[in-house]
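Numbering that gives the first Met the number 0 numbers the first residue of the sequence shown as 0 and each following residue consecutively.
Here the structure comes first, spelled out in structure tokens, and everything after it is commentary.
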Amino acid sequence: MFLLFGLKTMARELPGRPASCQYCHSFAHHHLEERSTRLTVFFIPVLTTSRSYRITCSNCGRMSSISARQKNALARG
Ligand SMILES: [Zn+2]
């Protein structure tokens with residue numbers, strides 16, 4: 000029996016929204032990206048081990064990591 004395990008990071012583009020940038024302090028559209036690390040068996044993702052989110056300001060281009068809770072607050076807004 001031979002099992003091939005691996006980890007794979009996948010990025011997914013989510014709909015962003017306008018928000019106040021903490022760097023340039025302008026109200027600009029922010030891109031939202033979800034990055035998830037998945038455990039793979041024979042290159043097939045079987046479960047997600049961690050998930051993180053990043054927002055990028057479209058005005059100054061600064062990127063910041065946010066928690067899932069902050070991301071949900073953004074999505075609700
Ligand atoms: Zn900015």
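Even for Gly, the Cβ is constructed at its ideal location relative to N, Cα and C.
Query raised in the report: Regarding residue 22 and ligand 1, is the C-beta to nearest heavy atom distance less than 8 Å?
Result: Yes; taking the cut-off as 8 Å, the Cβ of residue 22 has a heavy atom of ligand 1 nearer than that.
Report task. My understanding is that residue 30 touches residue 57, with C-beta atoms under 8 Å, so please give their C-beta distance in whole angstroms. Result -> 6 Å
Query raised in the report: Leaving out five residues before and five after residue 49 in sequence, what residues of the same chain have Cβ atoms less than 8 Å from its Cβ?
Result: 35 and 36
Query raised in the report: Got a sec? Which residues, its chain only, sit under 6 Å from residue 5 by beta carbon, not counting five neighbours each side?
Result: Excluding its 5 nearest sequence neighbours in each direction, residue 5 has C-beta neighbours in its own chain below 6 Å: 39, listed in chain order.
Report task. Identify which residue in 71, 7 and 32 has its Cα closest to the Cα of residue 62. Result -> 32
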